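Numbering (UniProt numbering), first residue to last: 1 to 112.
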């Protein structure tokens, strides 16, 4: 798995690519926690993922809680239908904003 980060306006965007998250999960959690110290608006782009596992679900969920406590927010974008179904099963779609595009996510975060 590779993880690329970039900024657009005052938003930090994480672009995921690949499937092997297991060996990367602890590092990923630290990267997101450190990023949250600098910005409270984060987009997680899942375009490069076909599947999602419990580790990434946990990281996304805990990151959302952390950002909310900092008056920020987290948005997930470009998730596959399979990932969207997993989010629905675990009710993440009720607490995390999911949009189809980066532009929609940035527009949503601007209102925060």
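Ideal Cβ positions, reconstructed from N, Cα and C, are used throughout, including at glycine. Keep in mind that this is a model prediction, so the values were computed, not measured.
Using the Cα positions of residue i and residue j, report the straight-line distance between them to the nearest angstrom.
i	j	result
residue 97	residue 88	12 Å
Quick check on the burial criterion: 16 or more other C-beta atoms within 10 angstroms. Buried or exposed for residue i?
i	result
residue 147	Given a span of 1 to 112 for the chain in the structure shown, any question on residue 147 remains unanswerable.
residue 111	exposed
residue 40	buried
residue 63	buried
residue 10	exposed
Using a Cβ-Cβ cutoff of less than 7 Å, which residues in the same chain neighbour residue i once the five nearest sequence positions on both sides are dropped?
i	result
residue 116	The question about residue 116 has no answer, for the chain in this structure spans 1 to 112.
Return the Cβ separation of residue i and residue j in integer angstroms, given the expectation that the two are a contact with Cβ distance under 8 Å.
i	j	result
residue 14	residue 53	In fact, because the Cβ distance is near 16 Å, the residues do not count as touching under 8 Å.
residue 56	residue 31	13 Å between Cβ atoms; not a contact.
Among the candidates the options, whose CA atom is the shortest distance from the CA of residue i?
i	options	result
residue 94	102, 84, 103	84
In chain order, what residues of the same chain have a beta carbon less than 6 Å from the beta carbon of residue i, not counting five sequence neighbours either side?
i	result
residue 6	13
residue 92	none
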